[in-house]
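A short write-up of the structure that comes next.
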Amino acid sequence: MVPSIKAPFHKKLIAGIQSQVRIVRDINEKYATPRIKMTKWVKIALLGIRIYLIVLVVILAYKFVTLVI
Amino acid sequence: MKEGIGARARFFYRYRRFIKTLKIYLMIAGPGIIVMVADNDAGGITTYTATGSMFGYDLIWFLILLGPIAYIVQEMTVRLGAVTKRGHAEAIFDAFGTFWGWFSLGDLLLVNWLTLITEFIGMTAALAIFGVPPILTVIIVLILLIVMVLQGRYWTWEKIVLLFCVLNLIYIPAAFLVNPSWSTVLSQGIIPHLPKGGFTSQLFFFLMANIGTTIAPWMVFFQQSSVVDKGMKEKDIPWGRFDTMIGAVFTVIVAIFCIVVTGTVLFGTNIQSAAQAAQGLMHINQYAGVFLAIGLFDAGLLGAVCISLASSWAFGEVWGWAHSLNNRIREAPWFYLLYLLILVSAGAVVLIPGAPLVLITLFVQVIAVTLLPAALVFLILLLNNEEIMGKYKNTRLQNVLSTVIVIFIITLSTIYCLTVVFPQYFR
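So the sequence lines, in the order shown, correspond to chains A and B. Whatever position you read off the first sequence (first residue = 1), add 642 for this note's numbering. Whatever position you read off the second sequence (first residue = 1), add 836 for this note's numbering.
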């Protein structure tokens, strides 16, 4: 339900946030199932990227911690 | 006599065929050239000027090698966009699900926003040489970039941007102004070799920096969305390829001439930015310095327009907003609002007194390597899916080449990221 133009600001803000949350939920539903066929190579590639990202995040976290300490 | 008439008729026929082909190309030309020229953005020009001042002409051959690499990666986005009629962000959501979709979209927005700040840094530094205060530069750029998209036609926007691409060729007259020895440029630059001193950590850093400027995550997203917005179809793929190839040649030429300028005049000096190079050149050859500054501004502007659009397109695709440059503001308000917000916020950061601009520039490299591997691997996986690509899927040769290139780019850009984060281990 879209609030009228005369509605108070906080109501418009809440309605706006709710509508964005709804959109995100719709996107999550729409793309819930990956369309690509999960062959052995696709699984290996996706696992590789996950490991790469985890290693990178650990390295950057280490840098951040050593920088702060 | 008859033979003469026949020859003239043949010539006339060939001429008309050439004009017709040229007209078709000019209709199709755009995404490939724009993305490749915008690849030489403010960060790219800074890298080339620093490379020239540090190694002279010694690394020109390496830049020539990078041209085909950029072409092979970007050509895949042309096919993917023309066949699926979807941008890269939407394609990732659709093919790999929400986890990878949100990761790519969030990372893209962040890295693009940070890169956009570096474009503004380049543009303000370039115009500061002419005494223009940063706030005025930011305002001028914002007005220019907003006016460019508001006329409501993709075609018009594209042709305006192509004009700015032509301005990028300003490095060619700048190179002639500094009178290099062309025989030395050819003998030192074309044949692959290591500079004096051999393979040092500094050389390694520069090689990686040049690779880092060749392929950026936003380029993959931008060209695919651009191909979709332009309405290219499967039959246009050969033209899209040709366009991308012309763009790759264009970008390498600009990079080479940029290196020739600083390699001739500033060889041996420690150059940290393109603006510093332009200022240094002013004392030696005023016109060359002015050309370098104009080129830097133009590079930042091209980078800014492409990067902000790449984000808006990606967000619009996933959010389901109208997201075409063919839409008027009334038809796609959120798309244009996001474009404006991204630009204004990035421009505002540059104006904050004491903003950590150097840190931001370094951070761009770090964040880019978190997105680049995923974007490139997804590209190859999508291009290998017969259900999605049909007869346009990658051939075995394309797969071998693209896989080798992607592994090469991922490895070196990751090492480059590590050299930025942990410089003490790479001295």
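Every residue gets a Cβ at the ideal spot worked out from N, C-alpha and C, and that includes glycine.
From this set, the options, which residue's C-alpha is nearest residue i's C-alpha?
i, options, result
"B/Thr-1080", "B/Phe-1058, B/Leu-946, B/Ala-1204", "B/Phe-1058"
"A/Val-684", "B/Thr-960, B/Gly-1226, B/Leu-1215, B/Pro-1016", "B/Leu-1215"
"B/Gly-967", "B/Tyr-1172, B/Ala-1184, B/Val-1185, B/Ala-1129", "B/Ala-1129"
"B/Asn-1220", "B/Phe-848, B/Ile-905, B/Val-919, B/Val-1154", "B/Val-919"
"B/Leu-998", "B/Asn-1162, B/Asp-1072, B/Ile-965, B/Val-873", "B/Val-873"
"B/Trp-897", "B/Ala-1091, B/Ile-971, B/Ala-1011, B/Ala-962", "B/Ala-1091"
"B/Thr-887", "B/Ile-1026, B/Val-1236, B/Thr-1231, B/Thr-1098", "B/Thr-1098"
"B/Ile-982", "B/Ala-1210, B/Leu-1174, B/Tyr-1252", "B/Leu-1174"
"B/Lys-1229", "B/Leu-1237, B/Thr-1239, B/Leu-1217", "B/Leu-1217"
"B/Ala-1211", "B/Ala-1150, B/Phe-1258, B/Val-1180, B/Leu-1179", "B/Ala-1150"
"B/Met-1118", "B/Ile-965, B/Ile-1051, B/Ser-1037", "B/Ile-965"
"A/Tyr-694", "B/Val-1063, B/Ile-1251, B/Thr-1255, B/Phe-1258", "B/Ile-1251"
"A/Ala-687", "B/His-924, B/Thr-857, B/Trp-936", "B/Trp-936"
"B/Val-947", "B/Phe-1171, B/Ile-1143, B/Gly-1183, B/Val-1185", "B/Ile-1143"
"B/Asn-1106", "B/Ala-843, B/Thr-883, B/Ile-841, B/Pro-1053", "B/Thr-883"
"B/Phe-1086", "B/Leu-1176, B/Lys-921, B/Ala-906", "B/Ala-906"
"A/Ile-669", "B/Ala-1204, B/Val-1154, B/Ile-1196", "B/Val-1154"
"B/Glu-1265", "A/Arg-677, A/Thr-708, A/Arg-692, A/Leu-702", "No answer is possible for residue 1265 of chain B: the residues shown for chain B start at 837 and end at 1263."
"B/Cys-1253", "B/Gln-1112, B/Phe-1040, B/Arg-1164", "B/Phe-1040"
Does DSSP put residue i in a helix, a strand or coil?
i, result
"B/Asn-1004", "helix"
"B/Phe-1214", "helix"
"B/Asn-1015", "coil"
"B/Asp-1065", "helix"
"B/Ile-1107", "coil"
"B/Asn-1221", "coil"
"B/Met-872", "helix"
"B/Phe-966", "coil"
"B/Met-863", "helix"
"A/Lys-679", "coil"
"B/His-1119", "helix"
"B/Lys-1227", "helix"
"B/Arg-850", "helix"
"B/Ala-1113", "helix"
"B/Pro-1053", "helix"
"A/Lys-685", "helix"
"B/Ala-1191", "coil"
"B/Lys-1032", "coil"
"B/Ile-1026", "coil"
"A/Arg-692", "helix"
"B/Arg-844", "helix"
Near residue i, which residues of its chain fall below 7 Å by C-beta distance, leaving aside the five closest residues on each side in sequence?
i, result
"B/Tyr-1123", "Leu-1013"
"B/Thr-1100", "Val-1014, Pro-1016"
"B/Tyr-990", "Asp-1065, Lys-1066, Ser-1160, Leu-1161, Asn-1162"
"B/Leu-1003", "Asp-1134"
"B/Thr-1239", "Ile-1216"
"B/Phe-1000", "Asp-1134, Leu-1137, Leu-1138"
"B/Leu-1248", "Met-1044, Ile-1047"
"B/Val-1257", "Val-1202"
"B/Thr-1206", "Asp-943"
"B/Val-1185", "Ile-953, Ala-1191"
Between which two residues does the alpha helix (DSSP H) containing residue i stretch?
i, result
"B/Leu-1161", "Element bounds for B/Leu-1161: n/a, residue is neither H nor E."
"B/Tyr-1252", "1232-1257"
"B/Gly-1048", "1037-1050"
"B/Val-983", "970-986"
"B/Tyr-907", "896-920"
"A/His-652", "651-672"
"B/Asp-930", "924-932"
"B/Gly-1076", "1073-1101"
"B/Gly-1183", "1169-1187"
"B/Ala-878", "878-891"
Kindly list the residues whose CB is nearer than 8 Å to the CB of residue i, restricted to its own chain and excluding five residues on each side of it in sequence; keep chain order.
i, result
"B/Gly-1226", "Val-919"
"B/Asn-1121", "Leu-1013, Val-1014, Val-1101"
"B/Gln-1024", "Gly-892, Tyr-893, Asp-894, Ile-896"
"B/Gln-1038", "Met-890"
"B/Ile-908", "Gln-1234, Leu-1237, Ser-1238, Ile-1241"
Take residue i and list the residues in its own chain whose beta-carbon comes closer than 6 Å to its own, dropping the five residues that flank it on each side.
i, result
"B/His-924", "Val-1056, Phe-1057, Gln-1060"
"B/Gly-903", "Ala-1084, Val-1088"
"B/Pro-1028", "Trp-897"
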